[in-house]
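These notes are about the structure you will find just below.
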Amino acid sequence: MGLGCLSKSAVAVLKTDDKLKDAKIVFVVGGPGSGKGTQCEKIVAKYGYTHLSSGDLLRAEVASGSERGKQLQATMQKGELVPLDTVLEMIKEAMIAKADVSKGYLIDGYPREVKQGEEFEKKIGAPALLLYVDAKAETMVKRLMKRGETSGRADDNEETIKKRLDLYYKATEPVIAYYEKSGIVRKINSELPVDEVFAIVEKAIDELK
Ligand SMILES: Nc1ccn([C@@H]2O[C@H](COP(=O)(O)OP(=O)(O)OP(=O)(O)O)[C@@H](O)[C@H]2O)c(=O)n1
Ligand SMILES: Nc1nc2c(ncn2[C@@H]2O[C@H](COP(=O)(O)OP(=O)(O)O)[C@@H](O)[C@H]2O)c(=O)[nH]1
Ligand SMILES: [Mg+2]
Numbered sequence: 051m052g053l054g055c056l057s058k059s060a061v062a063v064l065k066t067d068d069k070l071k072d073a074k075i076v077f078v079v080g081g082p083g084s085g086k087g088t089q090c091e092k093i094v095a096k097y098g099y100t101h102l103s104s105g106d107l108l109r110a111e112v113a114s115g116s117e118r119g120k121q122l123q124a125t126m127q128k129g130e131l132v133p134l135d136t137v138l139e140m141i142k143e144a145m146i147a148k149a150d151v152s153k154g155y156l157i158d159g160y161p162r163e164v165k166q167g168e169e170f171e172k173k174i175g176a177p178a179l180l181l182y183v184d185a186k187a188e189t190m191v192k193r194l195m196k197r198g199e200t201s202g203r204a205d206d207n208e209e210t211i212k213k214r215l216d217l218y219y220k221a222t223e224p225v226i227a228y229y230e231k232s233g234i235v236r237k238i239n240s241e242l243p244v245d246e247v248f249a250i251v252e253k254a255i256d257e258l259k
């Protein structure tokens with residue numbers, strides 16, 4: 051069947067989705083403060099991927115002062131998860147905006163729970179790789195407390211850090227087990243110095259080509 055029977059706007063939607071059909075997608079999953087953002091920055095510099103941090107997208111919405119942003123801020127300050135549809139829609143829009151120039155996408159801090167992964171695959175596509183950035187809880191807390199001295203983030207404080215960690219172990223770790231079955235998980239020990247961590251990351255990305 052051709053597209054002739056569809057309205058113009060329906061065709062436009064189909065074409066937009068089409069743009070992401072063959073996109074190389076890398077999920078970057080790990081606890082708060084594990085070093086996801088740090089490694090993503092290095093991947094961008096070497097491989098030219100597009101880095102989309104779901105947390106950064108949400109913080110940009112908060113900074114815009116919109117009504118939606120105000121609601122998001124309250125949730126984030128408590129260290130809870132924002133509604134799935136909100137963050138997925140933001141990621142998708144950001145991906146489409148870069149579709150013509152992107153060599154691949156780093157989806158940082160998403161999925162946060164198995165359901166988020168399932169919805170992403172339904173609406174966007176399947177990941178080719180999942181980088182599991184792994185550090186001990188003690189290390190993550192230490193890094194976040196340090197980052198909190200300068201980050202200005204409302205959630206880099208002791209009480210919210212504890213909630214973020216609890217939620218990570220409860221909701222996000224199962225995401226890793228879920229993708230183990232498809233053989234795309236690469237575990238990265240991020241207790242090492244940044245450059246040594248990146249050497250392991252490079253191997254995983256190089257395997258993708
Ligand atoms: N997919 C996502 C990503 C983020 N958040 C919200 O945004 C907050 C901050 O997210 P993020 O910047 O990814 O923070 P962390 O995972 O804690 O990691 P880090 O600060 O180390 O990047 C989360 O606590 C949560 O409230 C969310 O609900 N859903
Ligand atoms: N020692 C060490 N510190 C790191 C490493 N990766 C990140 N950090 C520090 O830990 C903090 C949190 O890192 P970030 O990349 O923001 O982690 P994210 O929360 O997972 O995105 C930052 O202040 C970094 O300087 C690492 O591999 N080794
Ligand atoms: Mg980050």
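For the sequence shown, our numbering begins at 51 and goes up steadily by one.
C-beta: ideal position from N, C-alpha, C; glycine also.
Residue 189 and residue 195 have their C-alpha atoms roughly 10 Å apart. Take residue 85, set aside five residues on each side of it, and the residues of its chain with a beta-carbon closer than 8 Å to its own are 183, 185, 193, 240, 244 and 247, in chain order. Considered as a whole, the segment 154–231 harbours 155–158 and 179–184 as its complete beta strand (DSSP E) runs of no fewer than 3 residues, in chain order. At least one heavy atom of ligand 1 sits closer than 6 Å to the Cβ of residue 160.
Closest by C-alpha distance to residue 212, out of 125, 93 and 191, is 191. For residue 141, the uninterrupted alpha helix (DSSP H) run begins and ends at 134–147, by DSSP. Contact between residue 204 and residue 121 is absent: CB atoms are separated by about 14 Å, not below the 8 Å threshold.
The continuous stretches of beta strand (DSSP E) do not include residue 70, and DSSP gives it neither H nor E. Restricting attention to 56, 129 and 134, the CA atom closest to the CA of residue 169 is found in 134. Under DSSP, residue 79 forms a beta bridge with 182.
Residue 171 holds the alpha-carbon nearest to the alpha-carbon of residue 138 among 116, 112 and 171.
Exclusion of the five residues before and after residue 105 leaves 159 as the residues of its chain whose Cβ lies within less than 6 Å of its Cβ. Residue environment: residue 258 is assigned as exposed (fewer than 16 neighbouring CB atoms within 10 Å of its CB, all protein chains considered). Of the candidates 80, 92 and 57, the residue whose Cα lies closest to the Cα of residue 252 is 92. For residue 218, same chain residues with a beta-carbon under 6 Å away, outside a window of 5 residues either side, are 81 in chain order. Around the beta-carbon of residue 132, 16 or more other beta-carbon atoms lie within 10 Å, marking it buried. In chain order, 173 and 174 place their CB closer than 7 Å to the CB of residue 142, counting only its own chain and leaving out the 5 sequence neighbours on each side.
Inclusion of residue 152 and residue 100 in the CB contact set at 7 Å is warranted, their separation being smaller than that value.
For residue 238 against residue 250, the beta-carbon gap comes to about 5 Å, under 8 Å, which counts as contact. Under the criterion of beta carbons closer than 8 Å, residue 167 and residue 161 qualify as touching, at roughly 4 Å. Residue 216 counts as exposed, since fewer than 16 other C-beta atoms from the protein chains shown sit within 10 angstroms of its C-beta. Residue 157 is a Cβ neighbour of residue 102, given a cutoff of 7 Å.
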